[in-house]
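A.B. asks:
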Amino acid sequence: MEVTLIGMGPGDPSALTGGALTALERADVLIGSRRLVEGCTLAPEAQRFCSTKSAEIVEILAEGRWERPCVLYSGDTGFHSGTRTLLPQLAERGISWRVLPGVSSMQYFAARLDRPWQEWRVVSAHGLACDPVGEVLAARGRPVFFLTGGAGGAAALCRRLARAGLGSLTAAVGEALSYPEERIVEAQVWELAEQEFSTLSVLLVDGAAPVWPVRSQGIDDGAFLRGEVPMTKQEVRAAALAKLEVRDGAVYWDVGAGTGSVSVELALLAPRSQVYAVEYKGEACALIRANRERFGAYNLEVAEGRAPAALAELPAPDGVFIGGSEGELIPILEAALSRNPAARFCVTAIAVETLGVAVAAFTQLEMSPQITQITVARSRRAGERNLMLGQNPVWIVTGQKEALL
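In this note's numbering, the protein residues as written are 20 to 424.
(1) State the Cα-Cα distance for the pair Thr-189 and Gly-246, rounded to the nearest angstrom.
(2) Excluding five sequence neighbours on each side, which residues of the same chain lie with their C-beta closer than 6 Å to the C-beta of Gly-160?
(3) Would the stretch 304 to 314 count as touching the stretch 282 to 294 if we require 3 or more Cβ pairs under 8 Å?
(4) Residues bridged to Ser-115 by DSSP?
(5) Is the stretch 233 to 240 in contact with the stretch 191 to 207, if contact means three or more CB pairs nearer than 8 Å?
(6) Under a three-way DSSP split, which group does Pro-32 fall into?
(7) Report the three-state DSSP secondary structure of Gln-410 (helix, strand or coil).
(8) Considering Tyr-127, what are the terminal residues of the alpha helix (DSSP H) in which it resides?
(9) Which one of Ile-369, Trp-116, Phe-68 and Ala-39 has the shortest CA to CA distance from Leu-61?
(10) Measuring straight from C-alpha to C-alpha, what distance separates Trp-272 and Glu-385?
(11) Pull up the CB-CB distance for Phe-164 and Val-255, whole angstroms please, since I reckon it's below 8 Å.
(12) Identify whether Phe-243 lies in helix, strand or coil by the three-state DSSP scheme.
(13) What is the residue span of the alpha helix (DSSP H) that Gly-37 lies within?
(14) Assuming the contact rule is C-beta atoms closer than 8 Å, Tyr-92 and Met-27 should be a hit. Round their C-beta distance to whole Å, please.
(15) Would you tell me roughly how many angstroms separate the C-alpha atoms of Arg-53 and Leu-306, rounded to the nearest one?
(16) So which of Leu-330, Glu-78 and Glu-86 has the shortest CA-CA distance to Arg-112?
(17) Just to confirm, is the Cβ distance from Ala-269 to Ser-282 under 8 Å?
(18) Name the two residues that bound the continuous beta strand (DSSP E) containing Ser-398.
(19) Between the C-alpha atoms of Gly-435 and Val-22, what's the straight-line distance to the nearest angstrom?
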């Protein structure tokens with residue numbers, strides 16, 4: 020017995036390859052999703068089993084006495100397909116196989132849109148957790164193709180993009196591709212967010228070129244809108260982010276965010292991360308929102324309120340930067356640790372007394388503090404000479420529960 024794994028294309032038989040047509044016409048058993056198995060008319064005498072779980076498929080094959088079994092997969096066998104999990108199990112059972120690829124939904128959709136697809140970023144939101152905002156930002160201007168389904172439907176993804184401020188991007192939804200009821204809708208994201216689409220849909224979002232093209236720590240201070248609100252300076256910001264050990268896909272709190280300079284840099288460095296700027300002063304919150312738009316940091320949200328109370332509704336943090344605590348440092352640390360005992364902390368201090376408080380707080384909470392002092396001098400032109408002007412020294416205190424390192 021040799022099992023044939025077939026990529027069925029988007030659905031309509033006209034999109035099948037010649038090899039797939041021949042294999043289906045000769046098949047004596049078909050296994051796959053109900054849509055594919057019941058919709059296949061090329062093997063009227065074949066026995067049919069509706070299953071998409073690789074373990075079940077292997078058991079069906081092992082128990083039967085078929086000569087030409089076929090396992091059907093939507094789209095292409097190498098494109099987000101169950102083939103990946105089935106092949107190792109077939110090998111374990113000593114069952115031979117061959118794979119016949121098909122036309123993926125992405126290829127078909129690109130052809131219908133008259134567009135090349137080699138630069139597209141591909142994301143599966145089909146039954147998987149997906150952050151469309153992070154994926155679009157991480158693509159840095161490239162189109163993003165989403166396989167959709169379940170809670171990650173096309174309209175739902177568009178609603179999340181629109182809420183984050185990306186509603187003006189252009190996008191296209193392909194519904195029931197290759198079927199008689201096929202529908203393709205091209206519009207702005209906010210317009211698609213207000214429509215409904217079937218679960219058999221794909222979404223293409225045309226990415227926006229990054230507002231701030233530089234991807235490095237330490238954006239120049241002059242690039243930020245500031246007003247009279249305190250801001251963590253460029254060199255200190257760069258060092259603090261390095262100490263925080265930023266990872267993409269994590270959750271970060273910036274407590275006492277001020278102008279939001281640290282929040283913005285976190286969001287730009289880790290586009291798939293969720294960054295929350297915690298600030299209670301109205302003027303500062305307005306500046307954070309303005310800088311969010313200025314830099315296109317759409318994965319940044321403002322949590323307006325005083326810490327630690329304002330932290331209660333936020334997702335558990337992986338990293339916490341504290342630029343100002345208003346005397347609530349220990350409660351803030353405790354609030355974060357109660358949500359994630361493995362969280363990493365970075366606290367900045369410009370006064371010796373604040374340094375002492377931070378070291379004592381870390382020690383009390385069984386975190387061994389690492390202390391770094393940064394003294395920066397910047398040049399200033401004076402006639403034909405450059406003079407170095409010293410800035411205030413800043414201490415950076417970092418730490419994490421030792422048992423969890």
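Every residue gets a Cβ at the ideal spot worked out from N, C-alpha and C, and that includes glycine.
C.D. replies: Inspection of the coordinates gives the following:
(1) Residue numbering aside, residue 189 sits at position 170 when the sequence shown is read from its first letter. Residue numbering aside, residue 246 sits at position 227 when the sequence shown is read from its first letter. When rounded, the distance between both Cα atoms is 34 Å.
(2) The residue given as residue 160 occupies position 141 in the sequence shown. Only Gly-226 and Ala-228 meet the Cβ criterion.
(3) yes
(4) Within the sequence shown, numbered from 1, the residue matching residue 115 stands at position 96. DSSP output for Ser-115 lists Glu-21 as bridge partner(s).
(5) no
(6) To locate residue 32, count along the sequence shown from 1; it is residue 13. Note: Pro-32 maps to helix in three-state DSSP.
(7) As a working note, residue 410 is residue 391 in the sequence shown. Here Gln-410 sits in coil by DSSP.
(8) Sequence index remark: in the sequence shown, residue 127 carries index 108 (1-based). Unbroken alpha helix (DSSP H) run through Tyr-127: 124 to 132.
(9) Numbered from 1 along the sequence shown, position 42 holds the residue referred to as residue 61. Looking at the Cα atoms, Ala-39 is the closest of the given residues.
(10) Residue mapping note: residue 272 aligns to position 253 of the sequence shown, counting from 1. Residue mapping note: residue 385 aligns to position 366 of the sequence shown, counting from 1. Roughly 21 Å separates the two Cα atoms.
(11) As a working note, residue 164 is residue 145 in the sequence shown. As a working note, residue 255 is residue 236 in the sequence shown. Not really, about 40 Å apart at Cβ, beyond 8 Å.
(12) Residue 243 sits at position 224 when you count from the first residue of the sequence shown. Looking at Phe-243 - three-state DSSP - the assignment turns out to be coil, as it is neither helix nor strand.
(13) Walking along the sequence shown from the start, residue 37 turns up at place 18. Residues 37 to 45.
(14) Within the sequence shown, the letter at position 73 stands for residue 92. Within the sequence shown, the letter at position 8 stands for residue 27. Right, the Cβ-Cβ distance comes to about 6 Å (below 8 Å), so this counts as a contact.
(15) Translated into positions along the sequence shown, residue 53 becomes position 34. Translated into positions along the sequence shown, residue 306 becomes position 287. Cα to Cα, Arg-53 sits roughly 53 Å from Leu-306.
(16) Your numbering for residue 112 matches position 93 in the sequence shown. Comparing Cα positions, the closest option is Glu-78.
(17) As a first step, residue 269 is located in the sequence shown; it is residue number 250 there, counting from the start. As a first step, residue 282 is located in the sequence shown; it is residue number 263 there, counting from the start. The answer is no: Cβ separation not under 8 Å.
(18) If you number the sequence shown from 1, residue 398 lands on position 379. Residues 396 to 401.
(19) In the structure as shown, the chain begins at 20 and stops at 424. Residue 435 is therefore absent and cannot be evaluated.
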